[in-house]
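Single-structure report; data block below.
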Ligand SMILES: Cc1cc2nc3c(=O)[nH]c(=O)nc-3n(C[C@H](O)[C@H](O)[C@H](O)COP(=O)(O)OP(=O)(O)OC[C@H]3O[C@@H](n4cnc5c(N)ncnc54)[C@H](O)[C@@H]3O)c2cc1C
Ligand code: SF4
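Residue numbers (the numbering used here): 4 to 333.
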């Protein structure tokens with residue numbers, strides 16, 4: 004057991020100051036990922052800055068019609084919030100598809116976004132892993148990689164991002180709000196996570212010491228039909244083999260706006276821009292959906308043992324698109 008300091012922050016400033024005062028610190032949300040990684044020796048923080056008492060635990064309507072969820076809102080509370088269920092159903096469905104009831108009661112919005120990959124080599128300190136230890140190699144490349152990426156991977160890392168919630172946020176055009184030593188900023192959720200490239204040790208665009216303070220769901224996607232579907236090895240308590248969040252706005256018999264994001268396929272939620280572009284202005288027919296999804300998945304580069312993910316993701320996307328479009332049109 005490595006000793007570490009514990010600091011409970013009462014304000015955002017106290018949290019960022021405490022983080023700066025303890026090089027090697029980590030923020031502590033629900034602890035459902037961080038504490039597990041500490042037990043495995045993957046994370047060895049010098050200090051835990053507990054942010055669960057920060058006044059960021061509410062969901063509030065903003066004057067422009069958007070909805071802000073504080074970073075400390077628990078996953079269960081966000082999924083059950085009437086405005087989320089009513090206006091952003093894909094988000095509620097994605098949250099409920101993740102983990103278990105007990106874990107969702109503890110897990111926070113901020114911590115969910117920053118949970119680390121479930122790649123078994125990352126979680127085993129006796130194995131090579133460029134994400135955990137840059138330059139050590141990637142055990143999964145030639146090893147067990149049935150659950151790994153088919154899109155956007157590199158020869159440095161083939162891991163997938165695990166969060167279901169993040170996939171829905173990406174499709175819904177949400178933004179992630181951050182506060183750090185240089186003040187506040189916000190980043191589109193679809194650009195918050197990174198592809199591995201040469202630096203798989205960096206999961207996201209967050210700067211050192213920055214705290215996630217909340218996520219904002221925009222007015223533009225409020226009330227637009229949306230849904231999330233996930234395929235996994237067990238009916239609960241399992242991460243996505245593939246998943247999809249779709250936001251589909253039809254007007255005058257054509258697709259006015261589509262937001263599509265895949266989970267379980269890449270190092271970040273994979274926003275399907277090619278498919279979205281192909282659908283804009285098209286009649287919402289089965290043929291149009293198939294064309295768009297095939298265009299997107301043509302970029303897939305499966306590994307030795309995970310080619311099954313491509314047809315799986317295709318079927319999930321076609322199912323959700325078909326369900327969101329009125330039956331007469333497909
Ligand atoms: C058995 C099991 C099954 C699971 N299945 C799923 C699943 O199917 N789908 C899914 O999406 N998830 C799943 N999860 C993961 C779970 O959703 C995450 O562990 C949880 O969301 C993390 O939230 P937390 O608040 O506990 O984060 P913590 O563990 O507290 O923190 C995670 C990371 O975020 C950082 N952090 C926390 N809050 C902030 C903040 N506000 N600002 C900056 N940094 C912060 C921490 O320093 C840490 O690095 C599963 C977990 C377990 C244990
Ligand atoms: S896939 Fe990424 S996380 Fe997994 S062993 Fe390779 S470098 Fe590490």
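Glycine included, every Cβ here is placed at the ideal spot set by N, Cα and C.
For a test of the three-state rule: what should DSSP assign to residue i, helix, strand or coil?
i           : result
residue 191 : strand
residue 147 : coil
residue 13  : coil
residue 114 : helix
residue 334 : With the chain covering only 4 through 333, there is no way to say anything about residue 334.
residue 289 : helix
residue 153 : coil
residue 119 : coil
residue 226 : coil
residue 279 : helix
residue 47  : coil
residue 265 : strand
residue 107 : helix
residue 270 : coil
residue 19  : helix
residue 88  : helix
residue 64  : strand
residue 300 : helix
residue 339 : Outside the modelled stretch of the chain, which goes from 4 to 333, sits residue 339, for which no answer is possible.
residue 241 : coil
residue 83  : helix
Considering Cα atoms alone, identify which of the options is closest to residue i.
i           : options               : result
residue 213 : 15, 156, 4 and 10     : 15
residue 178 : 28, 309, 116 and 90   : 116
residue 143 : 158, 137 and 154      : 158
residue 183 : 232, 139, 273 and 21  : 21
residue 73  : 310, 181 and 253      : 181
residue 229 : 32, 323 and 315       : 323
residue 168 : 9, 208, 291 and 94    : 94
residue 215 : 26, 9 and 57          : 57
residue 266 : 9, 170, 237 and 147   : 170
residue 49  : 111, 17, 132 and 9    : 9
residue 205 : 253, 241, 238 and 132 : 132
residue 306 : 26, 146 and 71        : 146
residue 139 : 300, 201 and 301      : 201
residue 308 : 152, 62, 24 and 217   : 152
residue 238 : 86, 75, 103 and 25    : 103
residue 197 : 223, 137, 6 and 272   : 272
residue 236 : 227, 251, 219 and 150 : 150
residue 251 : 327, 62, 240 and 101  : 327
Distance cutoff 7 Å, beta carbons only. Does residue i sit that close to anything in chain D?
i          : result
residue 23 : In summary, chain D is missing from the structure at hand, where a single protein chain is found.
How far does the alpha helix (DSSP H) with residue i in it extend, from its first residue to its last?
i           : result
residue 158 : No alpha helix (DSSP H) contains residue 158, which DSSP labels as neither H nor E.
residue 99  : 92 to 99
residue 327 : 312 to 327
residue 54  : First-last for residue 54: undefined, no H or E at that position.
residue 40  : 37 to 42
Just curious, the beta strand (DSSP E) that residue i is in, first and last residue?
i           : result
residue 130 : That residue, residue 130, is in no beta strand (DSSP E); it is neither H nor E in DSSP.
residue 230 : 229 to 234
residue 253 : 245 to 254
residue 171 : Here residue 171 belongs to no beta strand (DSSP E); instead the alpha helix (DSSP H) covers 167 to 174.
residue 76  : No beta strand (DSSP E) contains residue 76, which DSSP labels as neither H nor E.
residue 214 : 214 to 220
residue 28  : 28 to 31
residue 180 : 178 to 183
With a Cβ-Cβ cutoff of 7 Å, do residue i and residue j count as a contact?
i           : j           : result
residue 79  : residue 107 : yes
residue 96  : residue 166 : no
residue 60  : residue 11  : no
residue 268 : residue 98  : no
residue 164 : residue 270 : yes
residue 298 : residue 281 : yes
residue 211 : residue 134 : no
residue 114 : residue 13  : no
residue 185 : residue 195 : no
residue 29  : residue 51  : yes
residue 277 : residue 264 : no
residue 160 : residue 199 : yes
residue 243 : residue 233 : yes
residue 162 : residue 262 : no
residue 218 : residue 112 : yes
residue 313 : residue 301 : no
query: Any chance the segment 121 to 132 sits against the segment 183 to 201, with 3 or more Cβ pairs inside 8 Å?
result: no
query: Can at least three beta-carbon pairs, one atom from the segment 278 to 290 and one from the segment 252 to 262, be found at a separation below 8 Å?
result: yes
query: Any chance the segment 37 to 53 sits against the segment 81 to 91, with 3 or more Cβ pairs inside 8 Å?
result: By the criterion of at least three beta-carbon pairs nearer than 8 Å, the segment 37 to 53 is not in contact with the segment 81 to 91.
- request: Count the CB pairs spanning the segment 240 to 254 and the segment 314 to 328 that are closer than 8 Å, and state whether there are at least three.
  value: The answer is yes - the segment 314 to 328 touches the segment 240 to 254, with three or more Cβ pairs under 8 Å.
task: For the segment 41 to 49 and the segment 66 to 76, state whether three or more C-beta atom pairs, one from each stretch, are separated by less than 8 Å.
output: no
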